[in-house]
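Asks:
Residue numbers (this note's numbering), protein chains in the order written: chain A, 1 to 267; chain B, 1 to 118.
(1) For the beta strand (DSSP E) containing residue 75 of chain B, list its first residue and its last residue.
(2) List the residues of chain B whose Cβ lies closer than 9 Å to the Cβ of residue 38 of chain A, in chain order.
(3) Do residue 26 of chain B and residue 40 of chain A have their CB atoms nearer than 8 Å?
(4) In angstroms with no decimal places, state the Cα-to-Cα distance between residue 52 of chain A and residue 64 of chain A.
(5) Can you tell me which of the three DSSP states residue 62 of chain B falls into?
(6) Report yes or no: is there a C-beta of chain A within less than 8 Å of the C-beta of residue 73 of chain B?
(7) Is there at least one Cβ from chain A nearer than 8 Å to residue 31 of chain B's Cβ?
(8) Please name the residues in the segment 51 to 70 of chain A whose beta-carbon is closer than 7 Å to at least one beta-carbon of chain B, in chain order.
(9) Please report the Cβ distance between residue 201 of chain A and residue 259 of chain A, rounded to the nearest whole angstrom; I am assuming they are in contact, meaning their Cβ atoms lie under 8 Å.
(10) Taking only beta-carbon atoms, is residue 195 of chain A less than 8 Å away from chain B?
(11) What span of residues does the alpha helix (DSSP H) with residue 190 of chain A cover, start to end?
(12) Cβ closer than 8 Å: which chain B residues qualify as neighbours of residue 34 of chain A?
(13) If the cut is a Cβ gap below 7 Å, which residues of chain A does residue 70 of chain B touch?
(14) Just mark residue 237 of chain A as buried or exposed, buried being the case when its beta carbon has 16 or more other beta carbons within 10 Å.
(15) Within its chain, find whatever has a CB closer than 8 Å to the CB of residue 80 of chain A; leave out the 5 residues flanking it on each side and keep chain order.
(16) With a threshold of 16 other CB atoms inside 10 Å of the CB of residue 15 of chain B, please say whether the residue is buried or exposed.
(17) Residues of chain B with a CB under 7 Å from the CB of residue 72 of chain A: which are they?
(18) I need the boundaries of the alpha helix (DSSP H) containing residue 42 of chain A, first residue and last residue.
(19) So with CB distances below 7 Å, who are the chain B contacts of residue 75 of chain A?
(20) Could you check the C-alpha separation between residue 176 of chain A and residue 100 of chain A for me, to the nearest Å?
(21) Quick test of your reading: residue 88 of chain A and residue 185 of chain A, contact by CB under 8 Å. State the CB separation rounded to the nearest angstrom.
(22) Nearest to residue 122 of chain A by CA position, among A/157, A/134, A/135, is which residue?
(23) Can at least three beta-carbon pairs, one atom from the segment 109 to 121 of chain A and one from the segment 225 to 245 of chain A, be found at a separation below 8 Å?
(24) To which residues does DSSP link residue 119 of chain B through a beta bridge?
(25) Leaving out five residues on either side along the sequence, give the residues of the same chain with a beta carbon under 6 Å from the beta carbon of residue 248 of chain A.
(26) Within the chosen definition, does the segment 36 to 48 of chain B reach the segment 66 to 77 of chain A through at least 3 CB pairs nearer than 8 Å?
(27) Going by other Cβ atoms of all chains shown within 10 Å of its Cβ, with 16 needed for buried, is residue 11 of chain B buried or exposed?
(28) Considering only the beta carbon of each residue, do residue 171 of chain A and residue 97 of chain A sit closer than 8 Å?
(29) Are residue 145 of chain A and residue 159 of chain A closer than 8 Å when you measure CB to CB?
(30) Suppose only complete runs of 4+ residues qualify. What are the alpha helix (DSSP H) ranges in the segment 69 to 131 of chain A, listed by chain order?
(31) Could you give the DSSP three-state label for residue 67 of chain B: helix, strand or coil?
In structure tokens:
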């Protein structure tokens, strides 16, 4: 068999392995292992043919006929590309971690928002509707929810701030459920195929990027409100920005740890 | 024998072959061919997804070793694989015995459970 250059088109074994490489699904490690296995198999089969007295070219053809088409090795019909079960499991874990942490961060933003509300008041937290955009019935509803005031705008601000904190708390609880799901599934899917289906630190890196973008966007909006509206309504984006920044730092630290562990395992 | 006929029995055959001792893919195929006196001819590539599936199910475990100057993935039967082999071999004996009685022919030598010949 020719050792062959990388692009030598005349070696049918190399051509077969090229086709197999682009047809295999799974983690990079699974693909490498299967390719190495099949390559060893074909070399053995060719060596057996040559030992039986066949010319090398004939032995190669016979070895390829015996192993069958590429889709026999991949275990699925030709032309159907689908992610492996391990990759789907790993994507689910990634979604649970990033989604859970994101929602939990919104919950943290609610806590920060509550603190800002106590210190700076409702006008700092949320922007009132412009006059003329709400009805007497709206006013009556807001005043009913805040019997301590007779001002429609004050009651409206209290109602909006309360809504924000309530929604943040709900997101936080959902986030905790998502993170609990992530921990449960990670224990259940701790097999090597799943853990290596994506490069180490993918979830942490994705989380850091998304949280970083969210932090920049929220801080930008807070800065804009501070400038344009003289601080009115800054509290919501500011609290979200702080929580997103904390999440970004946490993800970045987790990413650094994950990559360090992966490097140690590789060395 | 046609590959389609072997499809449903490939797991049992692979577990049985590996119950005689660990082996790499090509070795497993060669043993299968030799032990069936050349009757079991299937596209050899189909053995690999089956081996990987059995490993994923915890019935086999694999490790890499250098044999005859080449890196090989060597498959071993796990205790769960031995138990599965014993169970599947018993089911096969029952099935083939019933078929033989219905057809009025001899069932031939029964396949052995884990650790034995299949």
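From the three backbone atoms N, C-alpha and C, an ideal C-beta is built for every residue, glycine too.
Replies: Reading off the structure:
(1) Taking the second chain and counting its residues from 1, one reaches residue 75 of chain B at position 75. It spans 70 to 77 - the beta strand (DSSP E) in which residue 75 of chain B sits, taken as one unbroken run.
(2) What you label residue 38 of chain A is simply residue 38 of the first chain in a count that begins at 1. The answer, in chain order, is 25, 45, 48.
(3) Position 26 of the second chain, counted from the first residue, corresponds to residue 26 of chain B. Position 40 of the first chain, counted from the first residue, corresponds to residue 40 of chain A. Between residue 26 of chain B and residue 40 of chain A, the C-beta spacing is below 8 Å.
(4) Within the first chain, residue 52 of chain A is the residue found at index 52, counting from 1. Within the first chain, residue 64 of chain A is the residue found at index 64, counting from 1. In a straight line, the C-alpha of residue 52 of chain A is about 16 Å away from that of residue 64 of chain A.
(5) As a first step, residue 62 of chain B must be located in the second chain, where it is residue number 62. In the three-state DSSP reduction, residue 62 of chain B falls in the strand class (E or B).
(6) Here residue 73 of chain B refers to the residue found at position 73 when the second chain is read from its first residue. Yes, residue 73 of chain B counts as interfacial toward chain A.
(7) Stepping through the second chain from its first residue, residue 31 of chain B is reached at position 31. For residue 31 of chain B, the nearest beta carbon of chain A is not closer than 8 Å to its own beta carbon.
(8) For the segment 51 to 70 of chain A, which is checked against every Cβ of chain B, the residues closer than 7 Å are 66, 67, 68.
(9) Counted from its first residue, the first chain places residue 201 of chain A at position 201. Counted from its first residue, the first chain places residue 259 of chain A at position 259. About 5 Å separates the two Cβ atoms, so the contact holds.
(10) Along the first chain, read from residue 1 onward, the residue named residue 195 of chain A stands at position 195. Look at residue 195 of chain A: its C-beta is not under 8 Å from any C-beta on chain B.
(11) On the first chain, position 190 is the one that residue 190 of chain A refers to. Where residue 190 of chain A is concerned, there is no enclosing alpha helix (DSSP H), because DSSP gives it neither an H nor an E.
(12) As a working mapping, residue 34 of chain A is identified with position 34 in the first chain. At a beta-carbon threshold of 8 Å, the residues of chain B lying near residue 34 of chain A are 48, 52, ordered along the chain.
(13) As a working note, residue 70 of chain B is residue 70 in the second chain. Those within 7 Å of residue 70 of chain B in chain A are 40, 43.
(14) As a working note, residue 237 of chain A is residue 237 in the first chain. Answer is buried; the Cβ neighbour count reaches 16.
(15) Position 80 of the first chain holds residue 80 of chain A. No answer about residue 80 of chain A holds up, because its pLDDT of 49 lies below 50 and its placement is not dependable.
(16) The sequence position of residue 15 of chain B within the second chain is 15, counting from 1. Counting Cβ neighbours within 10 Å, residue 15 of chain B comes out buried, since at least 16 surround it.
(17) Your numbering for residue 72 of chain A matches position 72 in the first chain. What residue 72 of chain A touches in chain B: 43, 45, 46.
(18) Taking the first chain and counting its residues from 1, the one referred to as residue 42 of chain A is at position 42. First-last of the alpha helix (DSSP H) with residue 42 of chain A: 28 to 51.
(19) Taking the first residue of the first chain as position 1, residue 75 of chain A is located at position 75. At a beta-carbon threshold of 7 Å, the residues of chain B lying near residue 75 of chain A are 49, ordered along the chain.
(20) Locating residue 176 of chain A in the first chain gives position 176, counting from the first residue. Locating residue 100 of chain A in the first chain gives position 100, counting from the first residue. Each residue's Cα considered, the two are about 6 Å apart.
(21) Here residue 88 of chain A is taken as the residue at index 88 of the first chain, counted from 1. Here residue 185 of chain A is taken as the residue at index 185 of the first chain, counted from 1. In fact, because the Cβ distance is near 12 Å, the residues do not count as touching under 8 Å.
(22) To locate residue 122 of chain A, count along the first chain from 1; it is residue 122. Looking from the CA of residue 122 of chain A, the closest CA among A/157, A/134, A/135 belongs to A/157.
(23) Contact check between the segment 109 to 121 of chain A and the segment 225 to 245 of chain A: three or more CB pairs, one atom from each, fall below 8 Å, which counts as touching.
(24) In the structure as shown, chain B starts at 1 and stops at 118, and residue 119 of chain B therefore has no counterpart that could be examined.
(25) If you number the first chain from 1, residue 248 of chain A lands on position 248. Closer than 6 Å at Cβ, skipping near neighbours: 208, 211, 212, 215.
(26) Result yes; three or more Cβ-Cβ pairs closer than 8 Å.
(27) If you number the second chain from 1, residue 11 of chain B lands on position 11. So residue 11 of chain B ends up on the buried side.
(28) Here residue 171 of chain A is taken as the residue at index 171 of the first chain, counted from 1. Here residue 97 of chain A is taken as the residue at index 97 of the first chain, counted from 1. No; because the gap between Cβ atoms is not below 8 Å, this pair is not in contact.
(29) For the purposes of this step, residue 145 of chain A is taken as residue 145 along the first chain, with counting starting at 1. For the purposes of this step, residue 159 of chain A is taken as residue 159 along the first chain, with counting starting at 1. Cβ atoms of residue 145 of chain A and residue 159 of chain A: closer than 8 Å.
(30) Those alpha helix (DSSP H) runs which fall completely within the segment 69 to 131 of chain A and span 4+ residues are 70 to 74, 85 to 120, 122 to 125.
(31) Position 67 of the second chain, counted from the start, is the residue given in the question as residue 67 of chain B. In the three-state reduction of the DSSP assignment, residue 67 of chain B falls in the strand class.
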